[in-house]
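Accompanying notes for the structure given below.
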Ligand code: SF4
Ligand code: SF4
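In the numbering used here, the protein residues as written are 3 to 503.
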């Protein structure tokens, strides 16, 4: 409604001396930025539609294209940045809630980058991971506090149900529907090959992926989409999703236009219906209610697999985690403010929640103080970008890390942050069959395996440098970490000393 005052955010620079008018960019752009002008005999661009996904730049055979951020600037105003002014124009035009995808671009402190890792020198020799055994395998689930012996005096080896991972990394929840079939196929195949797990998210499990059950976490979210007995029995663990780092306190919404064919069947809702997950689970208003759901699910699967409860990192996260640990859950997953999403209201994504590093340190500390740390494993996510982030997370107290954005980057995502439009030019966050086939699951799974293999090698090198040869010995070993440029309060919450101490 009314005049749109917004100048395009990006400019398409086409080098006319290189362009051969092959029209590859036109065919590759689902946003219809590029078109051929018969009158002028040249390629032209409608920059208002460009989202800077870089698909055209990557595939142009003559490297004729460049996308740059427009330097057309509003008058400088420290109180009114360009982005704020443009958001007001957009809302004045649409009357709607601002929607965004992927993690917040806001410059919250990334504590991973303010923490450095120790290395052995002289007295405590480092270990060469090429020559010495290095254990990166972890098991997640309740662990006994003490060695138990049976009546005959022998050690009892039986443990509550566990999941076993070849490295302390899992692919985080991303639903079929928000992601394409081929993206899910890539994640499932890679998880199987790597000996780790991927997560269905709240979209149910496509029948083609039941064969990956041992490498699957099936999620039960507030909408209960696609949840039935075969589904619950299919995975290696069940995750109850209470919250998500990118949108704590609110539900989810997949528009009816995306609920078609297999997605409608897998979610068990009619085609064209909006898939709206309510903000709360309508049967959970207390830890006792959560406990009922945890045990209902355990009962349903005959106590054979661990139950994960996933929450967003919010102000009182340590107390919340303490309650979850007492609810009977085997694993707590915590997702920080920088976590990604297929779609979220921009204001929520950018302002609600806390950084995962602080949440993790606070939760681990609290559970230790209460003597219940072994009742649960801790999995954290929300912007784990590299092997060093993983190592720092483990040393801060995590048992394993969820990754999602890093996995999508491996599949070709260029972080254009427009997943909610369904026009992902890389075939990842789309259901358009023409776009979906751009992602080849054979190549996708191979790239994920490569990424995780590389991270595992780096994790082993970092551990070796510290003189540590197993993830078990690294977990919660905060002596291996030092802060740089952090305040006393931040150091206190993280439970680490400052560099130089
Ligand atoms: S892909 Fe490159 S060479 Fe082909 S039309 Fe587009 S800009 Fe020109
Ligand atoms: S998944 Fe696709 S639409 Fe979403 S940020 Fe990545 S490239 Fe963009």
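Even glycine gets a Cβ: it sits at the ideal position worked out from N, Cα and C.
Because the structure is a prediction, the values reported are computed rather than measured.
For residue 88, the CB contacts under 7 Å within the same chain, skipping 5 residues up- and downstream, are 8 in chain order.
Taking the Cβ of residue 459 as the reference point, every heavy atom of ligand 1 lies at 7 Å or farther away. Under the three-state reduction of DSSP output, residue 9 falls in the coil class, being neither helix nor strand. Between residue 398 and residue 449, the CB-CB gap reaches or exceeds 8 Å. Spatial neighbours of residue 246 in its own chain (CB-CB distance under 7 Å, excluding positions within 5 residues in sequence) are listed in chain order as 314, 337, 341, 343. Residue 501 is positioned such that its CB atom lies closer than 8 Å to that of residue 118. Around the beta-carbon of residue 19, fewer than 16 other beta-carbon atoms lie within 10 Å, marking it exposed.
Under the three-state reduction of DSSP output, residue 227 falls in the coil class, being neither helix nor strand. Beta-bridge annotation (DSSP): residue 403 is paired with 171, 382.
Boundaries of the alpha helix (DSSP H) around residue 366: 358-371. Along the region 29-86, the beta strand (DSSP E) occurs as fully enclosed runs of 3 or more residues at 36-39, 44-47, 67-71, listed in sequence order. Less than 8 Å divides the Cβ of residue 357 from the Cβ of residue 113. Its chain contains 121, 122, 128 as the residues whose beta carbon lies nearer than 7 Å to that of residue 467, once the 5 sequence neighbours on both sides are disregarded; these appear in chain order. Cβ-Cβ distances below 6 Å link residue 206 to 227, 228, 268, 269 in the same chain, with the five nearest sequence neighbours on each side left out; the list follows chain order. If you draw a straight line from the Cα of residue 35 to the Cα of residue 305, it comes to about 54 Å. Here the C-alpha atom of residue 370 lies approximately 24 Å from the C-alpha atom of residue 116. The region 276-292 makes no contact with the region 375-384: fewer than 3 CB pairs, one atom from each, lie closer than 8 Å. Less than 8 Å divides the Cβ of residue 311 from the Cβ of residue 334. Inter-residue distance for residue 238 and residue 150 is about 26 Å (C-alpha atoms, whole angstroms). Residue 126 is positioned such that its CB atom lies no closer than 8 Å to that of residue 429.
Minimum Cα-Cα distance from residue 55 among the listed residues 140, 425, 130, 361 corresponds to 425.
Contact between the region 78-97 and the region 316-336 is absent: fewer than 3 CB-CB pairs across the two stretches fall below 8 Å. Residue nearest to residue 146 within the set 299, 162, 33 is 162 (criterion: CA-CA distance).
For residue 367, the CB contacts under 8 Å within the same chain, skipping 5 residues up- and downstream, are 320, 399, 497 in chain order.
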